[in-house]
Every structure is written in structure tokens, then in C-alpha cells.
Amino acid sequence: MKTQLLHQPIHYKLLSFLFIVILLSLLQTKVLANTTEIKLSTNMATTVMEADKHQTAFLKVSLTGFDIDEQQTRIPANIAIVLDKSGSMRGQKINYARQAAIHAIRQLNNNDIVSVVTYDSQVNVIVPSTKVSDKTTINRLIRSIQADGNTALFAGVSKGAAELRKFISKNKVNRVILLSDGLANVGPKSPSELGQLGMSLSREGISVTTIGLGLGYNEDLMTQLAGFSDGNHAFVEKPSDLVKIFQYEFGDVLSVIAQDVNIIIECGENIRPIRILGRKGDIIGNKVSTRMNQLYSGQEKFIMIEVEVPEHHENTNAVIATVEIDYNNLYTHSRYNLKDSVSVNFSASKKAVKESINPQVYESSVEQVANEYSKQALQLRDEGDISGARKMLNKVADYLQSNAGMLSSKRLRGQEMEARKDADEVDDSSNWQKKRKVLKETQYKRSVQQSY
Amino acid sequence: MKNSILLFLFLLIPVCLLVWFAFKAQSNEQLAAQQQYQNLAHSQLRLIDEKISLYFQQLGNVLITNKAQLQPASNEQLKQLTNKIRQFLQYSPYILNIYIADEEKQILYPSLTQNLSAKESEFLKDIQVISNNSSLFYKQKEISQTADNRYAAVSQKLFSMSRSKQQAEIQDQGWITWYQQRNLQHIFWFRDTQNRLYLLSLDRIKILSELIALLPDKNPSSRSHNASLQETSIRLSNSNNELIYEWGNYPHTDKQSIDLMLSYPLSSWKLSWYAKNLSENNFQQKWSLLIIALFASLLMLIIMFVFYREYNREIRGAQQRVNFVSQVSHELKTPLTNIRMYAELLETNIESESLTGISQMSSQELSKSQHFLSVILNESQRLSRLIENVLSFAKVQKESFIINKSEAIADESINNVLLSFKPVFKQKKLSVQFSANAAKPVNIDSQLLEQILNNLLSNVEKYAAHGKKIEINSSQTAQRIKIEIRDYGPGITKTEQEKIFNAFYRSNTKITEGVSGTGIGLTISQQLAKLHGGKLSYKNVSKGACFIIELEV
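If you're matching them up, the sequences are chains A and B in order.
No gaps in the numbering here: position 76 of the first sequence is 76 in my numbering, and each next residue is one more.
No gaps in the numbering here: position 49 of the second sequence is 1049 in my numbering, and each next residue is one more.
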């Protein structure tokens, strides 16, 4: 558009400029009054790339949910709370879990549907899915939960999902909220199997939020389950924090504005996607496809893709990718389709490249790359290579430091501090159990841009 | 002895029978209950199995409906088909991967001519084991008989459901199970009318999750139709015997269960039924019946014993009364006969005398007459004693006996009685040593005392005459008179001592053999002594017997 404008005679330029300004301002007001479209933006870390160089670059596809008016009625939620009531939950933990559930349900109203499922070695549907009209009964049933027995996590989630299915709808927010403090030991118990469950649930439009309580749970399993189903994940060390976390989670659930978001990114000619940072997706040829279960009001979620760009001559440009998304808008009850594309210019001047940096995108890319390194460091630590892990984390910190300086980004600075601390603490085996949970949680939240 | 053995057997046999029957009935019942229980459990498990089979059947029907979306359109390029299927897979809730080959076994998807994702190429590699084994998709019955292939087994179950129009376009369909990393995976396959083969690799986790959702949760009691599931729990475990899911409310710690293997395509999986009845085996029930039987037989024994004793007593009483009557008649008859005989003899003596003249009666004749008279006197005394005893016994029984106390001397009464016994004692050569120390007149019923003495002395005469000696010792205090009568006869054994004072009791020993008696002598004597405010007791002595009469003054 810009280039087109540049070639017009000057008065036309002015006129069209005015026209555009007026149009935009009109649009702006309209948009502000009733924005029901998701904002899709596709950007490169630099809009100008070095010419005659085989290189990789980062592409950010970000989706931002529109804000909800105060007057607008909220999208009804269909929530299954799945509580671990195994023996290890005895005492304070189950007490706070009950409280948390009761407090969270207070936020729901007559249009919402809730069910409460508990599991030990067996599964017990405490509150079969029901409209949240009789809160006293629901609360009474929740209070009757007593901790005892083993941990049939898989079955618990399956039953929770079964309760959701009774009222499942594309126009509701369908969510399983799983609280567990222990290892799954009845039924499928590996992280990959639970991840697969998350994946299949996500295809039905169900997300699973996993809340790990205390130091006994399997953080890999919980993040996999949340990751594949596009739910949230949280590590709660103190049972007393459960109430807060449940509030956050319910707040999140109640701010969903779109669901079933499919994203297809098709790379331009000769441009090859290498990897997706943070999120899961399929890369087939030059096509990347991924999905998100939902988008939240006012929150930005993005996908960062590293692409391989072959040599290009100076002063040429290339379409890096075209992006196509479609999603189900919960407010208008219809599917929307959005398209965007991004291209870069090639220049011999490094200065031009540097000047073209898009700070937000660049920051995100650094953040995600560092996050991936952090994951690798964790893997090294798991394999017993503590010094390697520390080296890796220090490298991450240095990387963050240099980029933070360049972008003068507080966020990256913060992440750098975090990485330094992680490097320090990576060999503290007495505290590792907790540290690992914190790391997993942080990495997860970064990967999926979790709001809390 | 023989009788008691018979009686014992008579008692024992029914008791034994009762216990045995109870035990038998118990074990039979238990067996029946167990059988019934197993049947119930099996039928319940079979219901679940049917539910699961139905799930797979329905799943198959759902999967078949995807055919239209998967079928390559005429003239469709592989690229288009690949894209179409990829798109399809992205949304399919059950299908993880698809394999399509045409009649010539040309792979249409995932085609190596296209850019394949890592997942697709891996699948292609894995599926080759199955796709190359074309026998899996033909002549199913023959194959299934020989199929012991660890990796693949064939469904013989062609769905017998009425085929819809769409299904009519399907030539064949079925399930294949195979193991991938120890996990049972399912493949649903079908052929379309162009004889293209479709293999749909299903998400085992999704299927598992749905199966679990299908099965009941912990509290089946809340659902009325499952009331029989109370106190039981059911486990679903996979081919590696790992617990997949369980429900019910019986916390089993034991290993005993009723098992059912699931039908195809989960044929290596198992349902196990755990229940209280199964493991604890009705311990209480088992023993309770036996205990009741034992208790009942014990009760029966007691009742029989009581009845037996009562009956014996009755019999004995009746016998004693009969004896008494016959003995009394006998006793009455003997002295009467003697009296009559001697009176007649005396009469003939007197008649012959009157014929020969009064004075001519020789001394020999005279002594004979005196002897006859003494016998008559003796016998009449015996008779009157007997009658007196019977009368006083009757009176005491009727509580109408009156004691006539008057001034009397005990020694005199003793002497009187001794006097009356003198002829008999003389006849039996019994010597009497009487040391009299009760010469003061006291207020007693002398008649009563004499009756007692009569009884005691007549007993001595009857049973202890060969002891040759009687010692009588009388003493006196201000309150009472005490008389000891001791003989040197056979004495009375310890066991007999308790019974001798019972009415109609006659000890059944050698002593009493051949000696007649009524069996009320000692009874009436004791009763009389008691009425007089005293007692008659037996005293153990080294030889013979000793009775002590004590009378209150």
C-alpha cells in the first residue's frame, strides 16, 4: 500500500492520505464500539534481511483477542473440575482444594455448567454436570470430598471430559481443570500418553488446565497434558495458594472469546520452516499447521517459527509466508477467516537490517529461543549433565543479556536474571524437585503466553 | 447297661444326623450360592463386555461414514488427495493415521511421492507389517484359524448388523489389533467398491478414554439398576495385566476374583470381579448354621436327658408303689397265716386236752402251747406294727398325724419294745446290751418313740440278725432324749445311706434278698422323729449299722 502511494502524484497522495485517515478514524470508532474480530498480525523480526546470505529468520504470527464490553454477556462456560483426592492430598491440601473449588464456582452463574469429579484409585463423579443454579448443593457435595487412596489420573480426566460432553457445545468454553499432587499410578501414566489424551480432547474442543500441587506430581505429565490440549498449567507449592490460582483460572476461562483456532502458515517459494518454537504443530513441506483451542479477551498468543531463507539478491523482496487462520467467534457464533502475509526486503547494508528491527517481534523471538535453550538445559540436567546444563543456562543468560541491551528490553533483562539464577541453582539437588517444577512451569507459560 | 447304650445311640444318632445334614446343607447351599454368585458376576461382566463390543461396533459404523471424505475422487491427483487427508486428519477425533492402497496395492496415501511429515513416514514404515500381509483382509475365517501371529489377529466378527445403504458399498470391513511398544493398537479397515483398502489407525488413548467414560464410576449404588454391584468392584486390565480402570466400592486387598476375557478387538484384556462374598466366603454364614445345629443338638440332648430322668423317676415311683402294695399284702398275709395256723394248733391241743381231761395236760404239751401262743403274739405284734406304720405313713402324708405328749420314761418305752422283741431275738440268738441312762420322766409321745424303736429293731431282726448283738444306748439332757441303736450286721454302704430314708426304697443288695419288707419303715420313723421335733440319723461305724434317735422334750 505504501509503495503504491509513493508512485501517485502529490495531490492525489494528500487526498488519499486524508481519505485513509478519515476512513481509519471512522473504522477505529466502529472497532472500538464493537470489535468482534481477532487481530492477526504476521511479522518478521527484521523487515530487511541481509542479501546474498543463506540465513534463518524468525516469523511471528500473533493473534490478539478483542476486548469484551462490560455490557456484553459472558460466554457460558462448561467446566469439569477434576480433583485428586488420593491419600497424599489428606489434610490441608484437600481442604484448600475444596475451598478453591467452592470459591471458583462462585464466579459462575446460571448459564454455566459445572461438574466435579474426584479420583483416587477409582473415579467418583461428585457433581454430575449441571447448571450452576443451586450452588449450595454443589458446595455441600464438594465439602463431602475426603482424601484417600491411589491416583487414577487418566480415568479422572476421562470422566471429567465425559461430564463435559453431556453439554459440550462450540459456543461454550469447555474446560477440564485438573488438580493433582501425585503421580498417576492407575491406568495410562506416561507423560506422552497423557499428552495424547490432551490432543484428542483438544480435537473435541476441550482444554485441560493442570494444576500441580506440592512437590509430588509429575510436571512433565502435567505440562504435556496441558500443552497438547492448549490449557493452562500452574505449579502451586502452598495449598493456601490454590484459591488464588483457581480464581485466575476461572477468570481466564470466563474471558475466552474465540475457539477452535486453526492456523496454517504457508511459506513462500524456497523458504523452509525449520521449527515451531514453544508450541506444537505439524510441518509438512513448506506448510506449518497448528491450532489453538481458544483465544482470550485482550490476550496476545503467538506462534514463533524459525524459517530458512536462501540467498537473495540485493534490493529484491520475497514473500516469507502467507498465514491463514479460521476460528469460531463465540460472540457472533460464526466462523471467521483471516489472511495475512509477510514479506522482507533484502539489503546489503547491515545498518538497514539493524534499523528494520521490529522490537516486539525481536523480543518475542529472543524470549522463545532462550526458552527453548532453557528446555534443553533442563533435559541435560535430567540426563545428569549438571555442568552442561549450567553452561547452557549461562549461555542463555548471555544471549538474553546482549539482546536485552540492544533492545533495551526490561522483559529480556528479567528473563536473563532468571536464567542466571537457574544456572546457580541447577546443581542444588536438595531443592531440585521444586526447582524443576518451577522451571517447567515457567517454560510452559512462556511457550503458550499464559496470562497468569 | 444295654438299655443305656441303646438309649445313648438313640440320642446320638439323630444328633449326628442333624449335624451332618446341617453341614451338608450348608456346604451345598454355599456351593449353590457360589455358583449363583459366579453366574451373576459372569453375567454382569458379560454385560460390560457387550457394552464394550457395542462401542467398537458403533465406532466402526462411525468410521465407515468417513469413507466419502477419504475416497479419492476420479482423476484426483495424489497431491490433492494427500492434502485432503491431511486436512481430514487434523479434525478427526479418532484417527491418527490413514493408509490407503488401491487394487494394485499402489499406496495412495501416505504416498512416498509426496512430501511426508515425520509422523507419516514413521506410520508408513510401521504399517507395512500389516499392509503387506494381504491375507489379513481376505478369507477371514481361514486366517483366523491359523492366526497365532503375535502382531496381528483378525477379526472374525463381521458385523451382523443390518447394513445401511452406505455400508452396502463397503465390501468388507473389520478390526485388526497389533502391538506397538507393548500397547494394543487398533486398526479399522475396510474396502470400497473399487477394492481400495483403507487402514485407519486409531488413537488408543482416545478409545481408552471413551471406554472409561462409558463405564460406571465409583458409586454405582446411586443408580438403581446397578444395585447388585454393591460391595463389589470391577477391574479392567490390559494385556500386560496393568490396571486400566476400576469401579465399585469393595476395597479388595486379596487376589481372588472372577475373570472374564473381553471379546474381540480387546481380546487380550480382562475384566475382574472382586466381591466380599468371594473372598471372605461367608465365614459367618458357614459357621453360623453349624453352630445352630450344634446348639440345637445340645438342647435336644438336655431335653432328652431331663425327660429320661423324669421318666425314670416316674417308673421307679410307680414300681415302688406297686411293690409297696404287694409287700404290704404279703406282710399282712404272713403273720395272719401264722396266727391262724398256730391258733388252730392251739385249738386242737385244747380239744385233745378236753377229751383227755384238764389235769392230764403234760408239761410237754404245755410248753408247746406256750410256744404257739408266743408265736401268735409275735405275729400279731408284727401285724399291728405294720398297720401302725401304714396308718401313720398315711397320716403323715395327709398331715393329720397328732402327737400325744405325756409324762413318760424313755427307758421304760425301750424296755417295753425290747420285751416284745424278746421271743424273736431269742429265736434268732440275738443278745441285747441295753445301757439305760434316761430314766427321768419327760414329756414325750411314748407311742411314737416305741413305733420308731419297733421299726429299727425289726430292721435289725430282719437284716442284721447274724451280727448276734445289739447295743442300745439311751441318754438324756434337759432338752432331748438320745437313743443309739447299734448292730453288728453288714451295715449300710455310703451310697445307700442317702436313699434309705426315701419312701418305698428298699436297698437292692444281698442284705435285702429273701427278706420281705414294705420300704416305709425308716421313712415313717424319720418323719415321726421330725414331727416330734427331733431327728433320726444314721451314724457311720466301723462294723454294722448305727441309728440315732433324738427327740425333743
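Think of the CB as a built atom: it goes at the ideal place given N, C-alpha and C, for glycine as much as any other residue.
Just so we're clear, the structure is a prediction, and the values are computed from it rather than from any experiment.
#### Entry: Reduced DSSP secondary structure (H/G/I, E/B, other) of residue 36 of chain A
coil
### Task
Return no unless some Cβ of chain B is closer than 9 Å to the Cβ of residue 204 of chain A.
yes
### Task
Identify each residue in the region 181–204 of chain A for which the Cβ-Cβ distance to at least one residue of chain D is less than 7 Å, and report them in chain order.
Protein chains A and B are contained in the structure displayed, whereas chain D is not.
### Rounded distance between the beta-carbons of residue 261 of chain A and residue 291 of chain A, thought under 8 Å
6 Å
### Query
residue 285 of chain A CB to nearest chain B CB: under 9 Å?
yes
#### Entry: For residue 1096 of chain B, three-class secondary structure by DSSP
strand
### Query
Candidates A:285, A:186, A:80 and A:90: which alpha carbon is nearest residue 1116 of chain B's?
A:285
### Task
Using alpha carbons as the reference points, say which of A:188, A:265 and A:443 lies closest to residue 59 of chain A.
A:265
### Query
So residue 1518 of chain B and residue 1324 of chain B are in contact, right, with Cβ under 8 Å, and what is the actual spacing, rounded?
6 Å
### Query
If you draw a straight line from the C-alpha of residue 416 of chain A to the C-alpha of residue 424 of chain A, how long is it?
12 Å
### Task
Reducing DSSP to helix, strand and coil, say where residue 1401 of chain B ends up.
coil
### Query
When DSSP labels each residue in this structure, what does residue 52 of chain A get in the three-state scheme?
coil
### Task
State the DSSP-derived secondary structure class of residue 72 of chain A, mapped to helix, strand or coil.
coil
### Message
Can you confirm whether residue 154 of chain A, when its beta carbon is compared against all beta carbons of chain B, has any partner nearer than 9 Å?
### Response
yes
### Segment contact, 8 Å Cβ cut-off, at least three pairs: the region 1462–1470 of chain B with the region 1424–1434 of chain B
yes
### Task
State yes or no: is the beta carbon of residue 391 of chain A nearer than 9 Å to at least one beta carbon in chain B?
no
### Message
Looking only at its chain, what residues have a beta carbon closer than 7 Å to the beta carbon of residue 1131 of chain B, apart from the 5 residues adjacent to it on each side?
### Response
1099, 1101 and 1199
### Message
Please report the straight-line C-alpha distance between residue 1390 of chain B and residue 1520 of chain B, rounded to a whole angstrom.
### Response
8 Å
### Message
Let's see if you can read the secondary structure: which residues bound the alpha helix (DSSP H) around residue 1446 of chain B?
### Response
1446–1463
### Task
Using a Cβ-Cβ cut-off of less than 7 Å, give me the residues of the region 1237–1259 of chain B that come near chain A, in sequence order.
1243, 1244, 1245, 1246 and 1247
### Task
Count the CB pairs spanning the region 113–126 of chain A and the region 144–156 of chain A that are closer than 8 Å, and state whether there are at least three.
yes
### Query
Does DSSP classify residue 98 of chain A as helix, strand or coil?
helix
### Query
How big is the Cα-Cα spacing for residue 1504 of chain B and residue 1538 of chain B?
18 Å
### Reduced DSSP category for residue 1501 of chain B - H, G, I as helix; E, B as strand; rest coil
coil
### Message
So for residue 1110 of chain B, helix, strand or coil by DSSP?
### Response
coil
#### Entry: residue 1016 of chain B burial status per 10 Å Cβ neighbour count (16 or more: buried)
exposed
#### Entry: residue 1261 of chain B classed as buried or exposed, judged by whether at least 16 other C-beta atoms fall within 10 angstroms
exposed
#### Entry: Beta carbon proximity, residue 262 of chain A to chain B, threshold 9 Å
yes
### Task
Quick one: which residues of the region 149–174 of chain A get their C-beta closer than 8 Å to a C-beta of chain B? List them in chain order.
152, 154, 155, 157, 158, 159, 161, 162 and 165
### Spatial distance of residue 1288 of chain B from residue 1029 of chain B (CA atoms)
13 Å
### Message
Between which residues of its own chain and residue 1308 of chain B is the CB-CB distance below 8 Å, once the five residues before and five after are set aside?
### Response
1007
### Query
Quick one: is residue 121 of chain A near chain B, going by C-beta distance under 9 Å?
yes
### Task
Indicate whether at least one CB of chain A lies closer than 9 Å to the CB of residue 1092 of chain B.
yes
### Task
Give a yes or no on whether 9 Å exceeds the smallest Cβ distance from residue 1043 of chain B to chain A.
no
### Task
Establish whether the CB of residue 478 of chain A and some CB of chain B are separated by less than 9 Å.
Residue 478 of chain A lies beyond the stretch modelled for chain A, which goes from 1 to 452, so this question has no answer here.
### Query
From B:1392, B:1393 and B:1438, pick the residue whose C-alpha is nearest to that of residue 1413 of chain B; which is it?
B:1438
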